[in-house]
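Note that the working numbering has the sequence shown beginning at 168, numbered continuously upward.
Worksheet for the structure shown next.
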Amino acid sequence: MISSTQNLLPDVKYDTIASPWKISGEHTHSLHRLCSRICSFPPLMPRYFITQYSEVGDIVFDPWSGRGTVPLEALFNDRVGIGNDLSPEAYVLTKAKVQPSNLEDLNLFLDHLEIEITDREVNRDLNELDREAAVFYSKKTFEQLLTVKKVLAEHDSVEANFAKALLLGILHGKSNTALSLTCSHSYSMSPNYVKKYAKEHHLRRPSKNIIEEIRTRAKVVLKDPLPLLRGDAYCEDSRKLSLENESVDLIFSSPPYFNVQTYARCNWLRLWFLDYDYRLVRKSLFESGSEKLYIDFMRKSLKELYRVLKEGKRCLIVAGDVPKRGRNTHTINIVDFLTPLFAESGFKLENVITDKIPPTKRVLTYITPTQGVKIERIAILVK
Numbered sequence: 168m169i170s171s172t173q174n175l176l177p178d179v180k181y182d183t184i185a186s187p188w189k190i191s192g193e194h195t196h197s198l199h200r201l202c203s204r205i206c207s208f209p210p211l212m213p214r215y216f217i218t219q220y221s222e223v224g225d226i227v228f229d230p231w232s233g234r235g236t237v238p239l240e241a242l243f244n245d246r247v248g249i250g251n252d253l254s255p256e257a258y259v260l261t262k263a264k265v266q267p268s269n270l271e272d273l274n275l276f277l278d279h280l281e282i283e284i285t286d287r288e289v290n291r292d293l294n295e296l297d298r299e300a301a302v303f304y305s306k307k308t309f310e311q312l313l314t315v316k317k318v319l320a321e322h323d324s325v326e327a328n329f330a331k332a333l334l335l336g337i338l339h340g341k342s343n344t345a346l347s348l349t350c351s352h353s354y355s356m357s358p359n360y361v362k363k364y365a366k367e368h369h370l371r372r373p374s375k376n377i378i379e380e381i382r383t384r385a386k387v388v389l390k391d392p393l394p395l396l397r398g399d400a401y402c403e404d405s406r407k408l409s410l411e412n413e414s415v416d417l418i419f420s421s422p423p424y425f426n427v428q429t430y431a432r433c434n435w436l437r438l439w440f441l442d443y444d445y446r447l448v449r450k451s452l453f454e455s456g457s458e459k460l461y462i463d464f465m466r467k468s469l470k471e472l473y474r475v476l477k478e479g480k481r482c483l484i485v486a487g488d489v490p491k492r493g494r495n496t497h498t499i500n501i502v503d504f505l506t507p508l509f510a511e512s513g514f515k516l517e518n519v520i521t522d523k524i525p526p527t528k529r530v531l532t533y534i535t536p537t538q539g540v541k542i543e544r545i546a547i548l549v550k
């Protein structure tokens, strides 16, 4: 349900109606099931706002696109969806959704990939991250994975990227197509914890044919018709975008919530498969509990969003209330926190919607009812 914020600003509307995207009951496309990832939008939320605040043919942009939900919903609603994310695995997922392969072309690519894999020798010179990744898999599956990892890195076609994205979705998890022992599908668990837990609970590491599992997963993900339009994906810092001035009709996104989520660490296994060291990726992403650093990051990012947005158009920022730890633990209302920066960037704050998140819908399954993001607020800004 919607509730009003406490710190009311003059001339700003604070919605008190029920969240319409939660009661629409509309179908979500099978392509949204490509890969689970922490802190992702439910598709019906951006769908509602995209149709409310843009027109057919408009360009919809998400500067922190995660798994690509916003640009994909834009495509399904006859808009041009553009996503951007500096995290490599998020970029792969976003690109796969805005430029998807069809099943026939994908299977042809997998046929060739299977031949290439057969001709390659297994890499037995393992580094530290290789050995940590090996904890999740049987010996047979892991040897395949090392070869697939190497061969896929040499391809950059639409089909290759889609195959990478499909594999990211089954790299770990609980589904029948998951390559790993049973574990979380949304985030990469600690290898030491997994090793200990697997031993204590006698978990089995399944022996898989990776190409066949990709084919099986593709049938599920590509079950529904693909969008007629194609979008674009970028892997750039939100503080320095390559988009042209006033080239976007609507922005819908959720920025980092301080360091509530450590995206690189939570996706370390997927980053490993893409041949990245999560520790290096983490240095390039914004993850900080410092209010000063957060203000600087968001000030520069908001100025960029203002620059690329057309005059009279809207920018919707989804931001949760987050716990701020220190000498005196308290909760930060990020929308209130960012309101001075909205004005400084040139935006007018038109509306704030407050959405309460029940414990069963929060990001991480192991948190207690008193933990996690309990409230999200949607700030509707106008240029």
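Glycine included, C-beta positions come from ideal geometry on N, C-alpha and C.
With at least 16 other beta carbons inside 10 angstroms of its own, Val-237 counts as buried.
The beta carbon of Pro-490 lies closer than 6 angstroms to those of Thr-498 in the same chain, with the five residues before and after it left out.
DSSP places Glu-299 in the uninterrupted alpha helix (DSSP H) bounded by 295–301.
As computed with DSSP, Thr-498 is found in a beta bridge with Pro-490.
Judged by DSSP in its simplified three-state form, Phe-243 adopts helix.
Val-265 counts as buried, since no fewer than 16 other beta carbons sit within 10 angstroms of its beta carbon. Val-302 and Cys-482 have their C-alpha atoms spaced approximately 43 angstroms apart.
The beta-carbon separation of Leu-242 and His-199, rounded to 12 angstroms, does not stay under the 8 angstroms limit for a contact. For Gly-398, the closest alpha carbon among the candidates Val-223, Val-361 and Phe-228 is that of Phe-228. Taking the C-beta atoms as reference points, Val-475 is found nearer than 9 angstroms to Leu-408.
For the pair Val-387 and Ser-221, the CB atoms are not nearer than the 9 angstroms cut-off. The DSSP-derived three-state label of Cys-482 is strand. If you draw a straight line from the Cα of Pro-423 to the Cα of Asp-286, it comes to about 43 angstroms. C-alpha of Ala-385 to C-alpha of Leu-333: approximately 7 angstroms in a straight line. With a threshold of 16 other beta carbon atoms within 10 Å, Arg-372 meets it and is buried.
Each residue's CA atom was taken as its position, placing Asp-272 and Ala-330 some 11 angstroms apart.
Per the coordinates, the alpha-carbon of Val-448 lies some 13 angstroms from the alpha-carbon of Tyr-258. The DSSP assignment places 377–388 as complete runs of the alpha helix (DSSP H) inside the segment 374–428, in order along the chain (cut-off: 4 residues).
For Asp-522, the three-state secondary structure derived from DSSP is strand. Taking 9 angstroms as the cut-off, the beta carbon of Lys-480 is found closer than this to the beta carbon of Val-415. Taken through DSSP and simplified to helix, strand or coil, Gly-336 comes out as helix. The segment 449–457 and the segment 502–521 do not touch, with fewer than three beta-carbon pairs separated by less than 8 angstroms. When Gly-235, Leu-438 and Arg-382 are compared, the shortest CA-CA separation from Met-356 is found for Leu-438.
Counting of Cβ neighbours within 10 angstroms places Tyr-360 among the exposed residues, the total staying below 16. The C-alpha of Asn-343 lies about 15 angstroms from the C-alpha of Ser-353.
A distance below 9 angstroms separates the beta carbons of Leu-417 and Asp-225. Beyond the five residues adjoining it in sequence on each side, Arg-214 comes within less than 6 angstroms, by CB distance, of Glu-240 in the same chain, given in chain order. By alpha-carbon distance to Leu-296, the top candidate from Pro-394, Leu-441 and Ile-249 is Leu-441.
In the three-state scheme derived from DSSP, where H, G and I count as helix and E and B as strand, Thr-349 is classed as strand. Excluding sequence positions up to five before and after Lys-467, its CB lies within less than 7 angstroms of the CB of Arg-406, all in the same chain and listed in chain order.
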